[in-house]
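Reviewing the structure listed below.
Numbering (our numbering), first residue to last: 104 to 185.
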């Protein structure tokens, strides 16, 4: 899973893994100290890999892990994050 090879993306996925609800891209910029374009770039890579879904609410985009991740992907995330 090449998309998780970047420490920033792994941190973002870990946040989504633990979140009870979708996370606004603005929260990632504040929490990680990165610009919105940088966060958007990382999220695009995670979306391309099929790990996350997004939803636009007003001017912001909210992200969450895909509901139907394959079992082996969930097991990998569990080992990497928990």
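Every residue gets a Cβ at the ideal spot worked out from N, C-alpha and C, and that includes glycine.
Just so you know, these numbers come straight off a predicted model, no measurement behind them.
- Cβ contact annotation for residue 113 (same chain, cutoff 6 angstroms, sequence separation greater than five): 107, in chain order.
- The shortest C-alpha to C-alpha distance from residue 138 to any of 111, 185, 167 and 179 is the one to 111.
- Contact between residue 119 and residue 167 is confirmed by a C-beta separation of about 6 angstroms, below the 8 angstroms threshold.
- By alpha-carbon distance to residue 169, the top candidate from 152, 104 and 141 is 152.
- Spanning the alpha carbons of residue 162 and residue 122 requires a straight line of approximately 21 angstroms.
- Residue 158 has its alpha-carbon roughly 14 angstroms from the corresponding atom of residue 149.
- Membership of residue 167 in the beta strand (DSSP E) is indicated by the continuous run 163-168.
- Closest in C-alpha terms to residue 128, from the list 109, 105 and 155, comes 155.
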